[in-house]
Amino acid sequence: MKLWLLLLAVMSPVSAQAGAVMKGTNPWPNATVPYQLTADILKTAGTTSKDCTGWAKWKASAAQKACRAMDDWHRRTGVRFVAREGLGSVQIKLNASATTATVGYMPIGNQVNIEPNANYGSILHEFGHILGLMHEHQRTDRGTYLTFEPFLQDYLKTCGLGLTPVCLDVRNAFPSRETRLSSDYDPCSLMHYLAKQQPRHKEDPRWSRIYTLTAKGRAAETACLPQFAKLEKRCRKIGQKCAISERDAWTVRRFHGLA
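Each position in the sequence shown, counted from 1, maps to that position plus 202 in the numbering used here.
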């Protein structure tokens, strides 16, 4: 039973909502990610293809966004995505209630779950997890750059093994994690959460702001934002879900021996 629980913990996807890789995370062999699009997600694109061939001509859909995300990560990092069936392949499939992904390479159980109406930024974020990236705000040095609001600090102290939806969420998305590889703290990372997280728990208004940047955090944000100068305003802020940051790309390349 203990072994089963350990495997379940390791294989559990990380919720959608960095330049950092958590200890225990493994890179993809030969910097190549095998993937398989399931029939249900291919149906959203109205294609007869079995893989991402011709994705740029597909209608906007969960499948089209998944293929676009893989192409984006490939162009930015050099990591290859290859259509291939097998136990080790990433299963990319529809999920009615969550957009999630496993983290890094595992011999079995790799997956990306995508809600039918998920936006592109959320899907791009999940493929960052597939390539090994953790949430930037879970780094152990985060306290230098941001301060969690007291209510969230209390949850981190008291949730323990609690099984309420809030505690399950807090344990998954907010504890600090040791890293095996990281760049400087990156407020511009695709893998960083927004301060506004009320959609997570709409009944509690405190989630409308979960952290405040410190002076060093604000300075880091100011320093990294120019890379997004040509993007629309909503993309030029901490927690953006528009683009892979320079440090995200560097970390993935370094992790896979491409830098």
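Glycine is no exception: its CB is placed at the ideal position from the N, C-alpha and C atoms. Just so it is clear, the structure is predicted and the values come from calculations on it, not from any experiment.
Scanning Arg282, Thr249, Leu326 and Asp386 for the CA closest to the CA of lysine 267 turns up Leu326.
The stretch 246-256 and the stretch 297-308 do not touch, with fewer than 3 CB-CB distances between them shorter than 8 Å.
Straight through space, the alpha carbons of threonine 349 and threonine 360 are spaced by roughly 18 Å. In this structure, DSSP gives glutamine 313 an extended state, which the three-state scheme calls strand. For arginine 278, the uninterrupted alpha helix (DSSP H) run begins and ends at 264-279, by DSSP. Under the three-pair Cβ rule at 8 Å, the stretch 351-359 does not count as touching the stretch 278-296.
For serine 378, the number of other beta carbons within 10 angstroms of its own is below 16, and it is reported as exposed.
Spanning the alpha carbons of arginine 455 and alanine 222 requires a straight line of approximately 12 Å. In this structure, serine 385 lies near tryptophan 452, with their beta-carbon atoms less than 7 Å apart. For methionine 393, the closest of Ile446, Leu383 and Asp406 by C-alpha to C-alpha distance is Ile446. At a Cβ-Cβ threshold of 7 Å, lysine 439 and threonine 346 do not count as neighbours.
Bounds of the alpha helix (DSSP H) holding phenylalanine 457 are 448-457. Rounded to the nearest whole angstrom, the CA to CA distance from arginine 420 to leucine 383 is 23 Å. Assigned with DSSP and collapsed to three states, lysine 261 falls in coil, not helix or strand. Here alanine 461 is exposed, its C-beta having fewer than 16 other C-beta atoms within 10 Å.
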